[in-house]
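Just so we're aligned, residue 63 is where the sequence shown starts under the working numbering, counting upward by one. For every residue, glycine included, the Cβ atom is placed at its ideal position computed from N, Cα and C. One structure is given below, encoded as structure tokens.
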Amino acid sequence: MALPYPSAPHPLRRHAGIAAGVVTLHIAALWALQQGLLQRAVEIIVPIAMVSEVLTPPAPKVETPPAPVIPPKPEPVRPVVQHKPTPAPLPPAPKPLAIRDTTPAPQAPTGATEPQPPAPPVAAPVAAAPAPAAPSPAPAPVAKVELPTKDADYLHNPPPPYPPMSFRLGEEGLVVVRVLIGTDGTAQDAQVQKSSGFDRLDQAAVKAARSWRYVPGKRGGVPEQMWVNVPVNWELRKN
63 MALPYPSAPH
73 PLRRHAGIAA
83 GVVTLHIAAL
93 WALQQGLLQR
103 AVEIIVPIAM
113 VSEVLTPPAP
123 KVETPPAPVI
133 PPKPEPVRPV
143 VQHKPTPAPL
153 PPAPKPLAIR
163 DTTPAPQAPT
173 GATEPQPPAP
183 PVAAPVAAAP
193 APAAPSPAPA
203 PVAKVELPTK
213 DADYLHNPPP
223 PYPPMSFRLG
233 EEGLVVVRVL
243 IGTDGTAQDA
253 QVQKSSGFDR
263 LDQAAVKAAR
273 SWRYVPGKRG
283 GVPEQMWVNV
293 PVNWELRKN
């Protein structure tokens, strides 16, 4: 039994299959591009060229030398023309002086004149008498001065005690003490004016003068601070 052979494909069907394959390939290519497969497959290496530039230094600036200064030509010296001095005119000749006749002319006769009486003498001016001098002012009355004293009865100043050592040694003498009396009658200062020759007697006299009361000195009735000399006589009684 004869087997049936397959019939040859129809030309239209074959073309349709080819077109379908081409479309399929395009779709696959587009999908591959989207996935980056083609970018991995194709790699382009671009060589980088190093460009070097040689910097040429600028040419030195050539300075133009300044133009030489040409001095101006000196002006020619003109010769000085010396003028001859003009001679001064001669003075005119002096005129002859006219000589006057000094002979007095004769006077006409005049009648006799009476002599004039002499003028009375002029009296010399009498100097005015000087004004009397003003009387000098009367001197101010001298204010009465009253010196301080210690001898008033109401003061009750006791006699100074005799220094024991001076008593045993028999020391005697007069001491003059200079005392400054204040306006209140107290001694402000005291010092030996004249020594007795014994220091113990001098110091005892100064101590007594400081402790006494005094009547203050006065000037014109007004109390005033004054110095006064106070004598202290140290004398032992002899039996």
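DSSP links K256 through a beta bridge to V238.
Its chain contains P210, K212, I243 and G247 as the residues whose beta carbon lies nearer than 6 Å to that of Y276, once the 5 sequence neighbours on both sides are disregarded; these appear in chain order. Residue pairing by DSSP puts I243 in a beta bridge opposite A249 and M288.
In this structure, V294 places its C-beta atom within 8 Å of the C-beta atom of V237. Note that the C-beta distance between E208 and K300 is not below 8 Å. By the 16-neighbour rule on beta-carbons within 10 angstroms, M288 is buried. Here the alpha carbon of W274 sits roughly 23 Å from the alpha carbon of E233.
Ranked by Cα distance from G282, the options D251, V239 and K206 are led by K206. About 12 Å separates the Cβ atoms of A252 and P222, ruling out a contact at the 8 Å cut-off. Here DSSP, grouped into helix, strand and coil, assigns G83 to helix. In the DSSP annotation of this structure, the continuous segment of the beta strand (DSSP E) that includes K280 starts and ends at G279 to R281. Residue pairing by DSSP leaves V204 without any beta bridge partner.
P220 carries a coil assignment under DSSP once its states are collapsed to helix, strand and coil.
Within 10 angstroms of the beta-carbon of W296 lie 16 or more other beta-carbons, which makes it buried.
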